[in-house]
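Inspection log for the structure reproduced underneath, given as structure tokens.
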Amino acid sequence: ILVSYRATRKLRDLTEYLAPFGVSVKKIAKIQEVFGDDSLAIVRRDPFQLCRIRGFGFLTVDEIARKTKVSLKNPLRFAGAIEFLLDEAKGAGHLFLPLESLSERCYDLLNREQEVVSLNDVAAALQTAHQEKRIYNENGRVYPYFERHCEVQTAKRLVSMLLYGEAPPIHDLRNEIEASERALHQQLADSQRRAVELCLTQPVSIITGGPGVGKTTTLRVILDIYHRTQPDNEILLVAPTGKASRRMSEQTGF
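Using the working numbering, the first residue of the sequence shown is number 44, and each one after it goes up by one.
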């Protein structure tokens with residue numbers, strides 16, 4: 044009972060300390076799980092240790108650190124800032140940031156209230172992150188390490204498909220397109236028809252365009268023809284979000 048009381052009291056003290064920073068109960072429990080009974084002492088002494096816990100935003104940790112007056116030249120602070128900026132860029136659709144841009148953003152982020160680090164400090168932190176394989180600097184393009192790996196593997200896969208892939212032959216494709224138009228009660232525009240022909244005769248194709256130009260209709264025709272003419276082959280559709288996936292499934296039946 045005494046052990047349980049002490050643990051509860053320590054958790055309560057940690058919760059009270061972090062409450063002004065908007066840290067959720069779930070995250071506080073995670074801190075307690077990782078650092079145990081020393082959680083509050085660790086957070087007070089070296090709040091940048093929180094950067095080691097997945098889900099803690101850099102801005103929250105940095106705010107806690109500023110309150111506790113710890114050194115703002117902590118290597119974990121540099122690492123957290125770099126990761127934060129690259130994650131932010133990824134959210135905007137970028138796999139990498141130019142080195143100069145990342146350095147400037149990192150410098151501004153780390154010196155939001157007053158100048159405490161130099162551009163040389165930032166450069167050294169980026170070099171360390173590269174050496175530790177947390178980032179990859181490819182001729183001035185700075186990637187998170189895993190994203191760079193994914194991009195390279197995707198490029199290799201595309202090249203392999205272009206060089207060695209073959210689209211299954213479809214006899215009399217024009218008649219197949221017309222059959223799908225009748226079955227789906229759709230009349231394709233010339234550009235849509237060309238897209239269908241391209242997709243069904245090449246190993247890799249890109250169909251692009253803004254909203255409302257007919258991409259979904261084109262996709263439905265492609266799938267109808269392929270499913271009808273290649274019944275033994277598997278069809279897989281993927282989308283970057285759950286909403287897009289559901290919509291594509293509703294529109295195509297696949």
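Backbone N, C-alpha and C define an ideal beta-carbon position, used for all residues, glycine too.
The structure presented is a predicted model; accordingly, all values stated were derived computationally and were not measured.
Problem - arginine 120: first and last residue of the uninterrupted alpha helix (DSSP H) it sits in - result: Here residue 120 refers to the residue found at position 77 of the sequence shown. Boundaries of the alpha helix (DSSP H) around arginine 120: 118 to 134.
Practice task
Would you check if there are 3 or more beta carbon pairs closer than 8 Å linking the segment 58 to 76 to the segment 86 to 103?
Solution key: Flag = yes, the segment 58 to 76 and the segment 86 to 103 touch.
Practice task
Might you give, ordered along the chain, the residues of its own chain that have their beta carbon closer than 8 Å to the beta carbon of proline 141, omitting 5 neighbours on each side?
Solution key: Counting from 1 along the sequence shown, the entry for residue 141 is found at position 98. Counting only residues of its own chain and dropping the five nearest sequence neighbours on each side, proline 141 has a CB closer than 8 Å to the CB of Gly183, Arg184, Val185.
Practice task
Determine the contact status of leucine 119 and glutamine 75, defining contact as a CB-CB distance below 8 Å.
Solution key: In the sequence shown, counting from the first residue as 1, residue 119 sits at position 76. In the sequence shown, counting from the first residue as 1, residue 75 sits at position 32. No. Outside cutoff.
Handout entry: Distance between beta carbons of alanine 122 and alanine 166, contact taken as under 8 Å
Key = Here residue 166 refers to the residue found at position 123 of the sequence shown. Here residue 122 refers to the residue found at position 79 of the sequence shown. The pair is not a contact, with the Cβ atoms about 14 Å apart (cut-off 8 Å).
Practice task
Tell me valine 306's beta-bridge partners as DSSP assigns them.
Solution key: Residue 306 lies beyond the range of the chain shown here (44 to 297); nothing can be said about it.
Practice task
Tell me, to the nearest whole angstrom, how far the beta carbon of proline 90 is from that of threonine 58; I am working on the premise that it is less than 8 Å.
Solution key: On the sequence shown, position 47 is the one that residue 90 refers to. On the sequence shown, position 15 is the one that residue 58 refers to. 15 Å between Cβ atoms; not a contact.
Handout entry: Boundaries (first-last residue) of the alpha helix (DSSP H) holding alanine 226
Key = As a first step, residue 226 is located in the sequence shown; it is residue number 183 there, counting from the start. First-last of the alpha helix (DSSP H) with alanine 226: 216 to 227.
Problem - Outcome for cysteine 242 when other beta-carbon atoms lying within 10 angstroms are tallied against a minimum of 16 - result: Residue numbering aside, residue 242 sits at position 199 when the sequence shown is read from its first letter. Burial call: buried.
Exercise for the section: Tell whether a beta-carbon distance below 8 Å holds between cysteine 149 and alanine 124. Expected result: Here residue 149 refers to the residue found at position 106 of the sequence shown. Here residue 124 refers to the residue found at position 81 of the sequence shown. In this structure, cysteine 149 sits near alanine 124, with a CB-CB distance shorter than 8 Å.
Handout entry: alanine 238 vs isoleucine 250 beta-carbon contact at 8 Å
Key = On the sequence shown, position 195 is the one that residue 238 refers to. On the sequence shown, position 207 is the one that residue 250 refers to. Taking 8 Å as the Cβ cut-off, alanine 238 and isoleucine 250 qualify as a contacting pair.
Exercise for the section: Taking only the alpha-carbon atoms, compute the straight-line gap between leucine 227 and threonine 244 and give it to the nearest angstrom. Expected result: Numbered from 1 along the sequence shown, position 184 holds the residue referred to as residue 227. Numbered from 1 along the sequence shown, position 201 holds the residue referred to as residue 244. One C-alpha to the other measures close to 21 Å.
Problem - For leucine 262 and threonine 284, believed in contact at Cβ under 8 Å, the rounded distance - result: Mapped onto the sequence shown, residue 284 falls at position 241. Mapped onto the sequence shown, residue 262 falls at position 219. No, threonine 284 and leucine 262 are not in contact; Cβ-Cβ is about 17 Å, not under 8 Å.
Practice task
Can you give me the Cβ contacts of serine 248 inside the same chain, cut-off strictly under 8 Å, excluding the 5 residues immediately before and after it?
Solution key: Here residue 248 refers to the residue found at position 205 when the sequence shown is read from its first residue. Result list for serine 248: Ala238, Leu241, Cys242, in chain order.
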